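Worksheet for the structure shown next.
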Amino acid sequence: MTDIFADLMWRGLIHQTTADDRLPEWLNTGSRTVYAGFDPTADSLHVGSLLPLMMLRRFQKAGHRPIAIAGGATGMIGDPSGKSAERNLLSSDQLKANLQGIESQMRLMLDFECGATSAILVDNNDWMSQFSYVEFLRDVGKNFPVNVMLGKDSVKSRLTSEAGLSYTEFSYMLLQAYDFVHLNREYGCELQIGGSDQWGNVTAGIDLARRMHGAHLFGLTCPLLTKTDGSKMGKTESGAIWLSSEKTSPYDFYQYWVNVADEDAGKCLRFLTELELEELQELDQSRKESPHLRQSQKRLAESITTMIHGDAGLAKAKQATEIFFGAEIQALSDAELGQIFADVPSNAMAFEVLSENGYSLIDALVVSGLCKSKGEARRTITEGGAYVNNRRVGEVEAALKRENLASESMIVLRRGKKKYALLRFE
RNA sequence: GGGGGGUUACCGAAGCGGUCAAACGGGACAGACUGUAAAUCUGUUGGCUCAGCCUUCGCAGGUUCGAAUCCUGCACCCCCCA
411 MTDIFADLMW RGLIHQTTAD DRLPEWLNTG SRTVYAGFDP TADSLHVGSL
461 LPLMMLRRFQ KAGHRPIAIA GGATGMIGDP SGKSAERNLL SSDQLKANLQ
511 GIESQMRLML DFECGATSAI LVDNNDWMSQ FSYVEFLRDV GKNFPVNVML
561 GKDSVKSRLT SEAGLSYTEF SYMLLQAYDF VHLNREYGCE LQIGGSDQWG
611 NVTAGIDLAR RMHGAHLFGL TCPLLTKTDG SKMGKTESGA IWLSSEKTSP
661 YDFYQYWVNV ADEDAGKCLR FLTELELEEL QELDQSRKES PHLRQSQKRL
711 AESITTMIHG DAGLAKAKQA TEIFFGAEIQ ALSDAELGQI FADVPSNAMA
761 FEVLSENGYS LIDALVVSGL CKSKGEARRT ITEGGAYVNN RRVGEVEAAL
811 KRENLASESM IVLRRGKKKY ALLRFE
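When we follow the numbering used here, the leftmost residue of the first sequence carries the number 411, and every step to the right adds one.
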């Protein structure tokens, strides 16, 4: 049996645990059942969920059974931890759709068919909806001293803030605590893991189980995956990075990791990949001695992209990367180009415009959406920021003609470093 | 109720009769450098049929050869006195 605790330790994945003295041994002397909660507010998980999912994965590989709980019930309420304002409530239809999407993504990382340690995905709405309000108050609420609840950081910070805290959110803790009790009773689950911001909720569950059944459960929190500047991982100017290829293309996903700052790379590698210590140290070394090679980032991007989008997804992302940052694009087929530039905006127009005098580059830049006006297009060209098939074009009066086709019917326009658009002539 | 100040381009902020498509700063966009980074440097930043023309300075009118700049009315905002 792998010493999961030691593994987590050297990776820096342990922030706080309960029963420090007994937990490591307990984990190493039998197959245990552990659980972590996930946020069902969208139909896809985003990069922020990778860490807890990886945690479950590590536990499963070490011979334990993981339970992922996508909180249909708690999702309807909203966890006040770390939130500055009341959350919008979700409709139950929306939730159902979200849970479905999330499950398919979990299958990428957890094994749901491997016998005794198969992963389980549960929805706490299944049991919470059985409760009547009065029953819940009698069985669960009775065991929660309000003075203790008021002492939790998540509550305290909101009470003093302007946004305040609704009774609903205040009760969130009870729901999550009861989840633990329920999973303990139904599945023999004895360990809850979560981010360090979940500490209050985790211990609330442990307390509740002790009061209700005299059970002794465990809790373990891992650090939050934040950048060195303190901001959250997985956010860009254009929004969150999702695991779903519909929302974030494999290329963008791959690129996100390739662009991780040097200071954050080591942590990401330790937290989000299964690379062994030896390789991690080599990468640390490489980052220090030859940062320009960015081996850490590349390894990180490869590892995570493969896990989420498979070998095919990685291959596509890398191919696109080569083209995007490569030399002139030419002699490709429509199919190849279409693949590579799948998420790039494209416009179709008549083939004939390429004949004779051709199609003015200025118009093309505007039509493609790369420039807002002809004036801007003109400027862009003058500044040297306009490219046709990755080759800079500096003449304002340039026109696109047949010989500019990169494939049977397409021309690739680019503005600046990374903004692409595809023109199709049919 | 009385008195005073403001409203300028994506944002902040100059301009106070012509040389104003409007200084300056920020942001944004390009370029150089580089590691697809950071920092730095340079350029651009209303539209077009682009050596020219057209529309912008809260809104509507007016004075003037000529207004973002002066006058009148309207709207919104701020401050002071009651």
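Here a beta-carbon is modelled for each residue, glycine too, at the ideal position from N, C-alpha and C. Keep in mind it's a predicted model, so treat the numbers as computed, not measured.
Can you list, in chain order, the residues of its chain whose CB lies under 6 angstroms from that of residue i, leaving out five sequence neighbours each side?
| i | result |
| --- | --- |
| Gly826 | Gly795 |
| Gly447 | Ile479, Gly481 |
| Thr683 | Ser713 |
Where residue i and residue j are concerned, what is the direct C-alpha to C-alpha distance, given to the nearest angstrom?
| i | j | result |
| --- | --- | --- |
| Glu692 | Tyr661 | 26 angstroms |
| Gln695 | Leu418 | 21 angstroms |
| Arg788 | Asp773 | 10 angstroms |
| Leu703 | Gly676 | 15 angstroms |
| Glu766 | Trp652 | 45 angstroms |
| Ser494 | Pro755 | Residue placement at Ser494 cannot be trusted, given a pLDDT of 49 that sits under 50; the coordinates are not used to answer. |
| Pro839 | Asn669 | With the chain covering 411 to 836 only, the question about residue 839 has no answer from this structure. |
| Met516 | Tyr445 | 13 angstroms |
| Leu833 | Val822 | 6 angstroms |
| Phe580 | Glu689 | 45 angstroms |
| Ala452 | Met464 | 20 angstroms |
| Leu460 | Lys708 | 18 angstroms |
| Gly779 | Ala429 | 59 angstroms |
For residue i, which residues of its own chain have a beta-carbon under 7 angstroms away from its beta-carbon, when the five flanking residues on both sides are left out?
| i | result |
| --- | --- |
| Leu764 | Leu810, Lys811, Arg812, Phe835 |
| Gly644 | His456, Val457, Gly458, Ala650, Ile651 |
| Leu437 | Ile414, Phe415 |
| Arg824 | Tyr797, Asn800, Tyr830 |
| Phe408 | In the structure as shown, the chain starts at 411 and stops at 836, and residue 408 therefore has no counterpart that could be examined. |
| Asp533 | Ala480, Gly482, Leu509 |
| Leu815 | Ile821 |
State the beta-bridge partners of residue i as determined by DSSP.
| i | result |
| --- | --- |
| Val532 | Ile479 |
| Cys632 | Gly605 |
| Arg517 | DSSP output for Arg517 lists no bridge partner at all. |
| Gln426 | Thr631 |
| Ile414 | In the DSSP output, where bridge partners are listed per residue, Ile414 has none listed. |
Verify whether the separation of the beta carbon atoms of residue i and residue j is less than 7 angstroms.
| i | j | result |
| --- | --- | --- |
| Leu742 | Ser817 | yes |
| Leu509 | Pro450 | yes |
| Ile750 | Asn800 | no |
| Leu531 | Glu513 | yes |
| Leu466 | Leu520 | yes |
| Asp672 | Lys637 | no |
| Leu710 | Leu747 | no |
| Thr443 | Tyr582 | no |
| Val591 | Leu618 | yes |
| Arg621 | Asn557 | no |
| Thr412 | Ala472 | yes |
| Phe628 | Glu656 | no |
Keeping to the same chain, check which residues put their C-beta closer than 8 angstroms to that of residue i; ignore five residues upstream and five downstream.
| i | result |
| --- | --- |
| Lys828 | Phe734 |
| Leu724 | Pro660, Tyr664, Glu712, Thr715, Thr716 |
| Arg421 | Arg680, Phe681 |
Contact defined as beta carbons within less than 8 angstroms: I believe residue i pairs with residue j. What is the distance between those atoms, to the nearest angstrom?
| i | j | result |
| --- | --- | --- |
| Gly615 | Gln602 | 6 angstroms |
| Leu585 | Ala483 | 6 angstroms |
| Ser571 | Gly511 | Not confirmed; about 32 angstroms, so no contact. |
| Ser606 | His425 | 4 angstroms |
Does the distance between the C-beta of residue i and the nearest non-hydrogen atom of the ligand FMN fall short of 6 angstroms?
| i | result |
| --- | --- |
| Ala737 | Absent from the structure shown: the ligand FMN. Ligands present: none. |
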